[in-house]
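Residue numbering for the sequence shown follows this note's numbering, beginning at 1104 and increasing consecutively. These notes concern the structure reproduced below.
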Amino acid sequence: MAKILVTGGTGYIGSHTVVELQKVGFEVVIIDNLSNSNIDVLNGIEKITGIRPAFENIDCVDYVSMDRMFEKYNDIDAIIHFAASKAVGESVEKPLLYYRNNIVSLINLLQLMPIHKVKNFVFSSSCTVYGQPDVLPVTESAPIKPALSPYGNTKQISEEIIHDTIHANPCYQSTILRYFNPIGAHPSGEIGELPNGVPNNLLPFVTQTAIGLRKQLQVYGNDYNTPDGSCIRDYIHVVDLAKAHVIAVQRMLNHHTKNRVEIFNLGTGRGLSVLEIIETFEKVNGVKVPYRIVNRREGDIEKVWADPSFANNELGWTAKETVEETLRSAWAWEQNLANKAKEE
Ligand code: WQD
């Protein structure tokens, strides 16, 4: 069966994608510098699938190490590139860290692909590239607006680099997947979101508040032009998102692609507000999430949700999990983390 290189494969979305790849028989090699993930994730993957993926502790920014890695694993059929820094707020404070990490790692991979005869490249992008869309739901043909953060700008620049590189190298192809808001955890409870330090994203902060690790959730603004005043996002179960990556790889390996660069929105098509997420989380899990409304967060857009019809029709993929089930899985994962901490 084909061998897939997954950069950032011990991360949140990466680890869930490795599980889905292994489930359909792909052999997986993970490279990760563990800057924002934990090597114990390999145990979780192995517990779910019974297969421990090959792992190399490598920084994608390190060209020489990457070249050596491709020499060692010289039969890679496709790359899924997750490894990147992804905190919007942090990118505003440390732009050069984001440009170096996210852009140099991409350029290294694209330079090494023809040398090592790897022809298929899946890129982890984000709905952030749209900024605040003028029309909702947002389709792949929506205009790309000036980025609101260095993080978002790295995703826009990366997409342009991919377009130009694939145009210049006709025998290669790429699939760009624009994620909306991934949340939740694998139903086994063995892997999930593991942010280092204080979470930037909403869901881990909600679950850590519910379990008592955080005193109170801060809701960044309720004066937006939305029904309840809080921001709206398209929250998608991370396992649904992971499954789309498997389909994208199979599509390229089976030469079913229609263009050498294809772009897909990976969302549910359903927009939910911050306050709706909190209310639903409390209802399905029977817990309270103490919160208070504070000022808006710089860089936040007001509302975005996907029109996923292109991915639904072209990939034959649809996000299946309900938001209730997704929020239940997030809570189960947080409880598992707490139980593991007690055992240690
Ligand atoms: C969601 C909503 C916040 C925390 C970013 C990236 C995106 C993707 C996901 C990588 C917003 C509100 C949050 C909190 C809050 N990253 N919020 N209190 O900013 O939509 O997307 O992360 O794949 O590319 O752009 O996600 O979870 O940070 O915020 O009120 O403590 O929750 O204001 O409205 P975001 P988020």
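Even glycine gets a Cβ: it sits at the ideal position worked out from N, Cα and C.
For residue i: DSSP bridge partner residues
i	result
H1359	Paired residue(s): none; H1359 is not in a bridge.
P1285	I1339
I1107	V1131, A1181
Q1235	Answer by DSSP bridge pairing: none, since Q1235 is not bridged.
E1159	I1134
R1395	Q1321
T1278	V1225, E1365
K1406	I1335
V1241	A1409
Same chain only: Cβ atoms within 8 Å of residue i, ignoring 5 sequence neighbours per side
i	result
A1347	L1280, F1367, L1369, A1414, L1418, W1420
I1381	V1309, L1320, V1322, V1392, Y1394
F1173	I1179, L1215, I1218, H1219, V1221
N1141	T1113, L1297
D1331	N1325, S1376, L1378, E1379
Same chain, Cβ closer than 6 Å to residue i, five either side skipped, listed in chain order
i	result
P1393	Q1319
T1120	A1345, H1348
G1255	T1231
A1435	G1292
H1270	none
E1243	I1366, N1368, F1413
Y1115	E1296
D1135	G1111, G1112, T1113
C-alpha distance - residue i paired with residue j, whole-angstrom precision
i	j	result
G1447	Q1438	Note on identity: in this sequence residue 1447 is Glu, with Gly being the wrong assignment. Distance between the alpha carbons of E1447 and Q1438: 15 Å.
S1227	V1132	17 Å
Y1096	L1209	Because residue 1096 is not part of the residues shown, which for the chain are 1104 to 1447, the question remains open.
A1240	S1168	According to the sequence shown, residue 1240 is Pro rather than Ala. When rounded, the distance between both Cα atoms is 42 Å.
I1206	W1408	26 Å
V1122	T1152	7 Å
L1137	E1296	14 Å
V1426	R1171	43 Å
N1139	N1325	31 Å
Y1176	G1117	19 Å
I1260	K1386	41 Å
V1397	T1278	39 Å
CB contact check: residue i to chain D, cutoff 7 Å
i	result
G1128	The chain labelled as chain D is not found in the depicted structure, where only one protein chain is given.
Where the beta strand (DSSP E) through residue i begins and ends
i	result
I1380	Counting along the chain, I1380 falls outside any beta strand (DSSP E), though it belongs to the alpha helix (DSSP H) covering 1377-1388.
E1365	1364-1369
V1225	1223-1229
N-terminal and C-terminal residue of the alpha helix (DSSP H) that residue i is part of
i	result
L1145	1144-1152
I1210	1208-1218
A1271	1253-1271
L1306	1305-1313
I1116	1115-1126
K1189	Segment: none, K1189 is in no alpha helix (DSSP H) and carries neither H nor E.
D1170	1166-1175
R1431	1426-1446
P1198	1198-1202
Own chain residues within Cβ distance below 7 Å of residue i, not counting five before or after
i	result
R1317	F1308, Q1311
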